[in-house]
Amino acid sequence: MKKLWLACVVLIVLFVAFLPAQGAENTLSPEEITEILYDIAREENAAGDYLVLPEGYSAPALGLDRTFRLLVLGVDTDDAKFRGRSDTMMLAVVDMRKSELKLISFMRDLYVQIPGKGHNRLNAAYAFGGAELLERTLEKNFGVSADGYVAVNFSGMVTLVDSIGGVDITVEESELGSLNGILEYYNYQNERPEAQGRLEKAGHQTLTGLQAMSYARIRKIDSDFERTGRQQRVMNAIFTRIRSMTLPSLLDVVFENAHLVSTDISLDEAVSLVSSTLSMDSVNTRYLRIPVARGGKGTLLNETYFIVPNLKKNKQAIADFLGAGVAPQ
Numbered sequence: 002m003k004k005l006w007l008a009c010v011v012l013i014v015l016f017v018a019f020l021p022a023q024g025a026e027n028t029l030s031p032e033e034i035t036e037i038l039y040d041i042a043r044e045e046n047a048a049g050d051y052l053v054l055p056e057g058y059s060a061p062a063l064g065l066d067r068t069f070r071l072l073v074l075g076v077d078t079d080d081a082k083f084r085g086r087s088d089t090m091m092l093a094v095v096d097m098r099k100s101e102l103k104l105i106s107f108m109r110d111l112y113v114q115i116p117g118k119g120h121n122r123l124n125a126a127y128a129f130g131g132a133e134l135l136e137r138t139l140e141k142n143f144g145v146s147a148d149g150y151v152a153v154n155f156s157g158m159v160t161l162v163d164s165i166g167g168v169d170i171t172v173e174e175s176e177l178g179s180l181n182g183i184l185e186y187y188n189y190q191n192e193r194p195e196a197q198g199r200l201e202k203a204g205h206q207t208l209t210g211l212q213a214m215s216y217a218r219i220r221k222i223d224s225d226f227e228r229t230g231r232q233q234r235v236m237n238a239i240f241t242r243i244r245s246m247t248l249p250s251l252l253d254v255v256f257e258n259a260h261l262v263s264t265d266i267s268l269d270e271a272v273s274l275v276s277s278t279l280s281m282d283s284v285n286t287r288y289l290r291i292p293v294a295r296g297g298k299g300t301l302l303n304e305t306y307f308i309v310p311n312l313k314k315n316k317q318a319i320a321d322f323l324g325a326g327v328a329p330q
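Residue 2 is where the sequence shown starts when you use this note's numbering, and the numbers rise one by one after that.
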């Protein structure tokens, strides 16, 4: 099941980027994507043997002996061009040879050097120069690079969660008031009754899109460490819901949410990554959060909260996590 779960995630995140609405050359049509997905669904062997691709297009090699590093961003914006600050930043490292998925989460309040822009919060790098500048910032400060990125409009979480029938989350009593406060604010912004969709009690329950987004954006009752944890819980709940969906329902979600995704990954890379993922017998998933324990110190600079990281310690932690040996200095 883990293999199918990861495959669904990759399909959702990657294939939606190649719909005609993106306006790029050499894209797949919805009909061609549908044909590929149905072929994948009804076969048991390696996907690369039977992918149905447009005429004149050759399926790339499975690439099982390589590692693909994908920067996954949740962008805090209502802008259709994905301009804004990156609210969630994760490096997903897919090791085809070892059948491993390693996820590194970078906290947004990290105080880092942004090339050409001085020192600021890590999430400001995306606002200043998009994914390219954020990639350069991560490489300069933490010694990690990416082969490509996928940006998901965080404000589109409402549509995505509602389209999959909600997500199951445990809301603590201490979180309930803040969740409803954020929800009421968004209702006011959208000229809806402020109490519409209020959560009446804490506990494990199915949240709507607006409730899930409000939960993920709670920030005042504890630290940014906990806020990052809430965002990860929402993402895991989304993946869990997707895993239980039928293929036709999954396709509906893909097409309905295509406009929420932006990427620089090529079609060849996307097909190769999906094919390789489907060929894995099992997937071992591991997690790392930056800064690591005792690897950063919270401080106020000009009345703004930052986390000042110990770059040497965090670089080494990343190198150990990725099995890279000694971290770059």
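Glycine included, every Cβ here is placed at the ideal spot set by N, Cα and C.
Distance CB(residue i)-CB(residue j) smaller than 8 Å
{"i": "Leu289", "j": "Asn142", "result": "no"}
{"i": "Ile243", "j": "Arg231", "result": "no"}
{"i": "Val151", "j": "Val73", "result": "yes"}
{"i": "Met246", "j": "Ile165", "result": "yes"}
{"i": "Gly208", "j": "Val168", "result": "One point to set straight first is that residue 208 is Leu, not Gly, in the sequence displayed. The answer is yes: Cβ separation under 8 Å."}
{"i": "Ala238", "j": "Ile291", "result": "no"}
{"i": "Val172", "j": "Gly204", "result": "yes"}
{"i": "Glu185", "j": "Glu192", "result": "no"}
Integer-rounded CB distance, given that residue j should sit under 8 Å from residue i
{"i": "Val76", "j": "Val145", "result": "Contact doesn't hold; Cβ gap of about 20 Å is too wide."}
{"i": "Ile266", "j": "Gly149", "result": "4 Å"}
{"i": "Lys103", "j": "Phe322", "result": "6 Å"}
{"i": "Met97", "j": "Arg67", "result": "6 Å"}
{"i": "Ser215", "j": "Leu180", "result": "5 Å"}
{"i": "Glu136", "j": "Ala147", "result": "5 Å"}
Spatially closest choice to residue i from the options, by CA coordinates
{"i": "Arg295", "options": "Ile308, Gly182, Ser215", "result": "Ile308"}
{"i": "Gly131", "options": "Gln233, Ser263, Phe69, Ile183", "result": "Ser263"}
{"i": "Thr89", "options": "Gly117, Val113, Asn124", "result": "Asn124"}
{"i": "Asn121", "options": "Leu301, Arg193, Glu192", "result": "Leu301"}
{"i": "Gln233", "options": "Ile105, Leu251, Gly178, Leu71", "result": "Ile105"}
{"i": "Gly297", "options": "Leu251, Leu111, Ser87", "result": "Leu111"}
{"i": "Asp163", "options": "Gly324, Pro310, Ser250", "result": "Ser250"}
{"i": "Arg287", "options": "Asp253, Thr305, Glu101", "result": "Glu101"}
{"i": "Ser87", "options": "Asn303, Thr229, Phe69", "result": "Thr229"}
{"i": "Arg70", "options": "Asn303, Glu270, Lys118, Asn188", "result": "Glu270"}
{"i": "Pro310", "options": "Glu133, Gln206, Gly299, Gln190", "result": "Gly299"}
{"i": "Ala320", "options": "Lys118, Glu140, Tyr306", "result": "Glu140"}
Cβ neighbours of residue i in the same chain (closer than 6 Å, five flanking residues each side left out)
{"i": "Val235", "result": "Ala213, Ala217"}
{"i": "Leu20", "result": "Only weak support is given to the placement of Leu20: the predicted model assigns it a pLDDT of 44, under 50, and the value that follows is read from those uncertain coordinates. Answer for Leu20: Ala259, listed in chain order."}
{"i": "Leu134", "result": "Ala126"}
{"i": "Lys118", "result": "Phe129"}
{"i": "Glu304", "result": "none"}
{"i": "Gln206", "result": "none"}
{"i": "Tyr187", "result": "none"}
{"i": "Val17", "result": "For Val17, the predicted structure reports a pLDDT of 46, less than 50, and the residue's modelled location is therefore unreliable. The matter cannot be settled from this model."}
Cutoff 8 Å; reference residue i; Cβ partners in own chain excluding five residues on either side
{"i": "Thr138", "result": "Val113, Gln114, Ile115, Pro116, Leu123, Ala126"}
{"i": "Val293", "result": "Lys314, Asn315, Ala318"}
{"i": "Glu257", "result": "Thr160, Ser164"}
{"i": "Tyr189", "result": "Glu195"}
{"i": "Glu26", "result": "Confidence is the limiting factor: at Glu26 the pLDDT is only 42, short of 50, which leaves the residue's position unreliable and the question unanswerable from this model."}
Cβ-heavy atom distance, residue i to the ligand MN, below 7 Å
{"i": "Leu139", "result": "By its list of ligands, the structure shown contains no ligand whatsoever, and the ligand MN lies outside what it can speak to."}
CB contact below 8 Å: residue i versus chain B
{"i": "Gly117", "result": "Within the model displayed, chain B is absent; a lone protein chain is all it includes."}
Cβ shell of residue i (< 7 Å), same chain only, five flanking positions each side left out
{"i": "Lys99", "result": "none"}
{"i": "Gly324", "result": "none"}
{"i": "Tyr306", "result": "Asp110, Gly299"}
Is the stretch 157–166 touching the stretch 195–204 in the sense that three or more CB pairs, one from each, lie closer than 8 Å?
no
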